[in-house]
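Note that the sequence shown covers residues 80 to 286 in our numbering. Each residue gets a CB set at the ideal place from its N, CA and C atoms; glycine is no exception.
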Amino acid sequence: MIVALALFAISVVYATVGQAGGTGFLAVMAVAGVPVDQLRPTALAMNVVAASYTSWRLHAAGLIDWRMLMSLAIPALPAAFVGGVIALPSGLYASVTGALLLTAAVLMIARPATALLPGVVASRAGLAGIGAVAGFLSGISGIGGGVFVAPALIVLGWARPKEAAGLSAPFILGNSVAGLAGALLAGQRFAPELPLFACAALLGAAV
């Protein structure tokens, strides 16, 4: 129950900025002792639940730039699937994911309030590159990828913070579905507590 409450709190905080909570979900589950081979699919499944609700609310509010989202997502989805199919050995997975969690934490703390080059027109090739890299990292680790995309868009001047937040949840949703499909194909399975964890993630996103 304590783990579920922690996941709920993470989902609440992340959803306020358009994120799903994958980085926090992974960290909490790892500390709680969830087996390494269950971490990734379980986190991706919770991402799907939380990001679905958040994406619906963002769409209803007209905050999703669908054209930019497609430029990010089209290359990201196959990359996320490929990353999902790759099942790293437990030790290597822990090291890679730990490094990504630390990177994500730095990006979240140091995220700029304004762009370095405001008003710059987004490059399609640049968006595709960012999407592909974030998608692959999402699939191989269980992190949704939005935590990497949003700071990049803001720093490059391609989106304001609210616009980046509007892109994050649907981007995470697509990546998580593709990455989860790959992870299940690779033979990984969910933690038995997934139903409880997913309910906590959904309730947090709704709040």
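Three-state secondary structure assigned by DSSP to residue i
i, result
"residue 47", "Residue 47 lies beyond the stretch modelled for the chain, which goes from 80 to 286, so this question has no answer here."
"residue 200", "coil"
"residue 147", "helix"
"residue 265", "coil"
"residue 258", "helix"
"residue 182", "helix"
"residue 108", "helix"
"residue 234", "helix"
"residue 168", "coil"
"residue 142", "coil"
"residue 92", "helix"
"residue 125", "helix"
"residue 242", "helix"
"residue 59", "The structure shown does not extend to residue 59, since the chain spans only 80 to 286, so no value can be given for it."
"residue 177", "helix"
"residue 283", "helix"
"residue 82", "helix"
"residue 226", "helix"
"residue 271", "coil"
"residue 205", "helix"
Spatial neighbours of residue i in its chain, beta-carbon cut-off 6 Å, leaving aside the 5 residues before and after
i, result
"residue 279", "83, 86, 87"
"residue 215", "158, 162"
"residue 100", "89, 90, 93, 129"
"residue 229", "243, 247"
"residue 255", "123, 126, 127, 223"
Own chain, CB closer than 8 Å to residue i, minus 5 neighbours either side, in chain order
i, result
"residue 207", "150, 151, 153, 154"
"residue 128", "277, 280, 281, 284"
"residue 75", "With the chain running from 80 to 286 in the structure shown, residue 75 is simply not present."
Sequence-distant residues of its chain with Cβ nearer than 7 Å to residue i (five each side left out)
i, result
"residue 201", "147, 237"
"residue 172", "115"
"residue 275", "83"
"residue 263", "120"
"residue 253", "152, 155, 156"
"residue 131", "252"
Exercise. Okay, do the stretch 201 to 212 and the stretch 85 to 100 touch, 3+ Cβ pairs below 8 Å being the bar?
Worked result: Here the stretch 201 to 212 makes no contact with the stretch 85 to 100; the two share fewer than three CB pairs at distances below 8 Å.
For this session: Say whether the stretch 217 to 231 touches the stretch 156 to 166, bearing in mind that this needs 3 or more beta-carbon pairs closer than 8 Å, one atom from each stretch.
Result: Yes: the two stretches touch, three or more of their Cβ pairs being nearer than 8 Å.
For this session: Say whether the stretch 111 to 122 touches the stretch 268 to 276, bearing in mind that this needs 3 or more beta-carbon pairs closer than 8 Å, one atom from each stretch.
Result: Between the stretch 111 to 122 and the stretch 268 to 276 there are three or more inter-stretch CB-CB distances shorter than 8 Å, so the stretches are counted as touching.
Exercise. Using 8 Å as the threshold, is the stretch 122 to 135 in touch with the stretch 243 to 253, meaning 3 or more CB pairs across them?
Worked result: By the Cβ rule, the stretch 122 to 135 counts as touching the stretch 243 to 253, because three or more pairs are nearer than 8 Å.
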